[in-house]
Amino acid sequence: MTSATSKHSFQAEVAQLLHLVTHSLYSNKEIFLRELVSNASDACDKLRFEAINNDGLYEDQPELKVFVSFDEKARTLTIRDTGIGMSRQEAIDHLGTIAKSGTREFMSRLTGDQKADAQLIGQFGVGFYSGFIVADKITVESRRAGLPADQGVRWTSTGAGDFDVEDIERAERGTSVILHLREDASEYLNGWKLKSVIGKYSDHISLPILMEKEEWKDGENDQPGGMVKTGEWEPINKASALWTRPKKDITEEQYIEFYKAIGHDFEAPLAWSHNRVEGSTEYTQLLYVPAKAPMDLWNRERSGGVKLYVKRVFIMDDAEALLPSYLRFVKGVIDSADLPLNVSRELLQESRDVKAIREGSTKRVLSMLEDLARQQKEGETDEAKAKYGKFYAEFGAVLKEGLGEDFANRDRIAKLLRFASSTSDVADVSLADYKARMKEGQEAIYYITADTLAAAKSSPQLEIFRKKGIEVLLMADRVDEWALSHLHEFDGTPLQSVAKGAVDLGKLQDEEEKKAAEEAAETFKPLLEKLKEALKDKAADVRVTTRLVDSPACLVVQDGGMSTQLARMLKQAGQPVPETKPVLEVNAQHPLVMKLEGSEHFDDLANVLFDQALLAEGGMPEDPAAYVRRVNSLLA
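Last residue of the sequence shown? That's 636 in the UniProt record's numbering, and every number before it is there in order.
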């Protein structure tokens, strides 16, 4: 039975993607075969999972396999599987749209740099479309397991903006992807070439990948000899899950290629850990730290990159219960011997075994990161020394989330953090490094948060620290303010924001300075009262500062209060923010402050002083027009 063909348009993002792919975006053409074989394997895994509760889905084909074949005359390469298959609607949905969240962000990240964009596509995992690298037309024939033979579907496209769908008769379940190869892709009509590519990228796949056996046949009647297909199918991969093999039998190259296949990545990972854990809970873990962040890393709703298997049966992708959210960049496989085969996402949340796997895997990842951090100082090669810096540039801000999410490992996470400082523009200063070079008599680790590194570095609040030669950590990640609220001390030394509370440099401030500050506060008392009155709607308090050297004023918040930077971020995110007023600190020695006394423009000067302090820390006056009017009036 066949039906009339219906035509459909690709989702806009897919059309853009296909345009890139068909212009040879992928820097490594042969990657298409890895992606399509991986998809075929996934389809078989999904059937095996669904058949746990409905073994009728196997129909009369109990074996799950992937077949790769080619036809030189027709110039086609076919990847066929006996997996779950697709219904007509599934073919339209799965092959015409990118269903993952973050698609628009993905497209907006494309730069036009072929190599960089290729990596983005790889990370996004839209592997089916990679077939258009080598094909000018793709035909997909499929039937979903459990549907009758007359409900097969044929999907066809040239990748030019639309695709055709028709109903077909298909006896066997599963999917065939038929690539009509371009003239410049003839190398993939060669059995030896296909075997070498599959051996390189897909040897780890636990299902048999079969190709038709070929034998050499001598030429006859002046005809040249050549390879001839025998009609017999033979496996061309080891067909054993890589993580189940002994570590000593796996090469570094095999670990890397396995990562690239499951992570849809082009770059080798920075580190990996392969372990069999025995005890009350038994499981195998093969976990990787990628070299590049995925484009949707900051979408906290995205699932992690860990695949869950139970007794080598694939259960689910992106099993977020197996690692905490702040380690969502980790990719890999966890294979449990203790979980039930029909485990659901809901059961995962409640399982005691999953809790043990989560804790063990978290510790394993932190150990990997600690090894990378150690190599940064002790590594034998420049490449080894550079790895932790690469990791931190990509994932450091996400790691900081762990301070608030993972109390049990907070100290380990704190040791892994790196910051820029008033003495280093590069984010390579650890809390231990800072502590080791604290000045004699210094009693706190000082830090400042700001919207940007430049704003932090030029903040007026650093002036007294620069004058005293005291290092201050500069924090400009959006997560810093929240994360640091969960870390009050490091190795017994308190952390102190230079923008909160009064500055108390303790033993670092000599008696003469303390005395001068006290005298200034007393002398300026009438002026401070007047300033408080003029700024009563804006400032919670006005006081003489000891932290300023060159600037006339700065804003600080009370100890335990919400910083103005965090308040701004919450407002931008549409979150409710409690109404709080900052404290204005004034430099009694500054000419502008001294000019206040007796000025006929006192209120204007007071408001300009406050608004300038707000601007200096990256804020914006509540009434910019009024600020401009006051400045113009004073200038005139």
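Even glycine gets a Cβ: it sits at the ideal position worked out from N, Cα and C.
Reducing DSSP to helix, strand and coil, say where LEU566 ends up. helix
Counting only runs that start and end within the segment 339-371, where is the alpha helix (DSSP H) found for 4 or more residues in a row? 345-350
Residue of LEU431, ARG143, GLU518, ALA476 minimising C-alpha distance to LEU453: ALA476
I need the straight-line Cα distance from ALA588 to ALA553, nearest angstrom please. 9 Å
With the cut-off set at 9 Å, would you say ALA540 and ALA606 are in Cβ contact? no
Could you tell me if GLU350 is buried or exposed, where buried requires 16 or more neighbouring beta carbons within 10 angstroms of its beta carbon? exposed
Considering only their Cβ atoms, is the gap separating SER367 from SER273 smaller than 9 Å? yes
May I ask which residues mark the beginning and end of the beta strand (DSSP E) holding PHE329? Element bounds for PHE329: n/a, residue is neither H nor E.
Based on Cα-Cα distance, which residue from PRO578, TYR447, GLN612 lies nearest to VAL631? GLN612
When burial is assigned at 16 or more other CB atoms within 10 Å of the CB, is ASN53 buried or exposed? exposed
With respect to the alpha helix (DSSP H) encompassing ILE198, which residues constitute its N-terminal and C-terminal limits? 191-201
Please classify ASP477: does DSSP put it in a helix, a strand, or coil? coil
The alpha helix (DSSP H) spanning ILE209 covers which residue range? Here ILE209 belongs to no alpha helix (DSSP H); instead the beta strand (DSSP E) covers 209-217.
Going by Cα to Cα distance, which pick from GLY161, ALA160, GLY174 is closest to ARG154? GLY174
Buried or exposed for residue 639, please, with buried defined as at least 16 other CB atoms from any protein chain shown within 10 angstroms of its CB. Since the displayed the chain opens at 1 and closes at 636, residue 639 lies outside it and no answer follows.
Identify whether HIS264 lies in helix, strand or coil by the three-state DSSP scheme. coil
Through-space distance from TYR627 to GLY598, alpha-carbon basis: 21 Å
List the whole-angstrom C-beta distance separating HIS8 from GLY96, where the pair is believed to meet the contact cut-off of C-beta under 8 Å. 6 Å
Of the residues PHE266, TYR326, ILE357, VAL289, the one placed nearest TYR309, counting alpha carbons only: ILE357
Three or more beta-carbon pairs under 8 Å between the segment 165-172 and the segment 184-191, yes or no? no
By how many angstroms is the C-alpha of LYS247 removed from the C-alpha of GLY146? 40 Å
Considering GLY85, what are the terminal residues of the beta strand (DSSP E) in which it resides? Unbroken run through GLY85: none, as it is neither H nor E.
For GLY83, I'd like the list of residues in its chain whose CB is within less than 7 Å of its CB, leaving aside the five on either flank, ordered along the chain. ALA40, ALA43, CYS44, LYS46, LEU47, LEU64, GLY174, THR175
Please report the residue range of the alpha helix (DSSP H) in which TYR388 lies. 382-399
Anyone know if the C-beta pair for ASN237 and PRO208 falls short of 9 Å? yes
Can you find the residues in the same chain that come closer than 7 Å, C-beta to C-beta, to ASN409, ignoring five residues on each side of it along the sequence? THR362, LEU366, GLY402
From SER485 to LEU566, what does the alpha carbon distance come to, in whole angstroms? 11 Å
Quick test of your reading: LEU287 and GLY332, contact by CB under 8 Å. State the CB separation rounded to the nearest angstrom. 4 Å
Considering only residues of the segment 556-633, which uninterrupted beta strand (DSSP E) runs meet the minimum length of 3 residues and lie entirely inside it, listed in chain order? 583-586
Mapping the DSSP letters down to three states, classify ARG275 as helix, strand or coil. The sequence given here places Asn at residue 275; Arg does not occur at that position. It is a strand residue.
What separation, rounded to the nearest whole angstrom, lies between the Cα atoms of GLN123 and ASP203? Any answer about GLN123 is weak, because its pLDDT of 43 lies below 50 and its placement is not dependable; what the coordinates show is given next. Roughly 21 Å separates the two Cα atoms.
Among ASP433, LEU584, PRO340, ASP317, nearest to GLU529 - alpha-carbon criterion: LEU584
Boundaries of the alpha helix (DSSP H) in which ALA40 is found, first to last residue: 31-50
Just to confirm, does SER497 get its C-beta within under 8 Å of one of the non-hydrogen atoms of the ligand FMN? No copy of the ligand FMN appears in this structure; indeed no ligand is present at all.
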